[in-house]
Amino acid sequence: ERFKRRIIRLGRKFGMSIFGLDYIMTEKGPYIVDINDFPSFRSIPEGVSLVSDHIYNSINMRETYRSVLIRAKS
19 ERFKRRIIRL
29 GRKFGMSIFG
39 LDYIMTEKGP
49 YIVDINDFPS
59 FRSIPEGVSL
69 VSDHIYNSIN
79 MRETYRSVLI
89 RAKS
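If you're matching positions, the sequence shown starts at 19 in the working numbering and goes up one per residue.
Here it is as structure tokens:
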């Protein structure tokens with residue numbers, strides 16, 4: 019759980035909402051060796067669906083935000 023939170027923070031630092039990473043387990047815990055800004059989702063059966071939903075929701079949020087700003091300026 020702690021490692022998962024660190025991964026999410028790392029993605030946000032780089033401005034990525036969709037990403038993958040490779041890591042190895044060491045005696046001291048997990049060690050990140052690679053971050054992929056557009057990873058393969060072959061091993062995740064619902065991966066394509068999850069990514070397309072995320073993109074769709076991101077676009078809708080951006081459009082909603084833009085509409086609110088336009089109304090606020092009027």
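Ideal Cβ placement from N, Cα and C applies to all residues, glycine included.
Residue range of the alpha helix (DSSP H) that includes residue i
i   : result
M34 : From DSSP, M34 is part of no alpha helix (DSSP H); its letter is neither H nor E.
Helix, strand or coil at residue i [DSSP, three-state]
i   : result
D71 : helix
I42 : strand
F59 : coil
E64 : coil
E19 : coil
N-terminal and C-terminal residue of the beta strand (DSSP E) that residue i is part of
i   : result
P48 : G47 to N54
Option nearest residue i by Cα separation, candidates the options
i   : options               : result
K33 : F21, I53, E19 and T44 : The sequence as given places Gly at residue 33; Lys does not occur at that position. Checking every option, the nearest Cα to that of G33 belongs to I53.
D71 : I36, V86 and I50      : I36
G38 : M79, G47, G65 and K91 : G65
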